[in-house]
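Presented below is the structure to which this report refers.
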Amino acid sequence: MQPKDSTTNEGFKGFTNTRCPFLPCHEGVRGAFNCLFCYCPLIAFECPGPYEVFTDKNGVTRKDCSACTLPHNGYQGSWNFIQKWLERPVVWNGQPQTRRYRQKPVKPKTE
């Protein structure tokens, strides 16, 4: 088995679970829908994805990332995005986003 930084097989960077009853769980995903990060590893960290803040029934402040497609945008793109943000993770402080990052608009499908 080759180390991931020397292999040409990039199958470890994503997959699409076509049998998932929730697919597609996010609208506006670019490229192949990557299910590898179904539960985003950035949930506890600051990140550029759009999120809302809410307080659950136990009084715990949480992030609602349901509007975010970044971890699902194609196998290569989502893999690179997650790896970049995990290089220098900053623990989320429980506050709402102060900076909104722009996402490119999704091009409508032409038939």
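For the sequence shown, the tail end lands on 111 under full-length UniProt numbering, and the numbers increase by one without skipping. C-beta atoms are modelled at their ideal positions from N, C-alpha and C, and glycine is treated no differently.
Review point. Per DSSP, what kind of secondary structure is glutamate 10 in: helix, strand or coil?
Key: coil
Review point. Which residue's Cα is closest to the Cα of leucine 86: Pro71, Phe22, Glu10?
Key: Pro71
Check your understanding: Contact check, tyrosine 51 vs glutamine 97 under 8 Å by CB: the rounded distance?
Key -> 6 Å
**Study point:** Three-way DSSP call (helix, strand, coil) for phenylalanine 33 in this model
**Key:** strand
Practice item. Hey, could you find the ends of the beta strand (DSSP E) proline 54 is sitting in? Key: Checking the sequence, you will find phenylalanine at residue 54 rather than proline. Its beta strand (DSSP E) spans residues 52-55.
Check your understanding: Which residues in the same chain have their Cβ closer than 7 Å to the Cβ of threonine 69, if we skip the five residues on either side of it in sequence?
Key -> His26, Gly28, Val29
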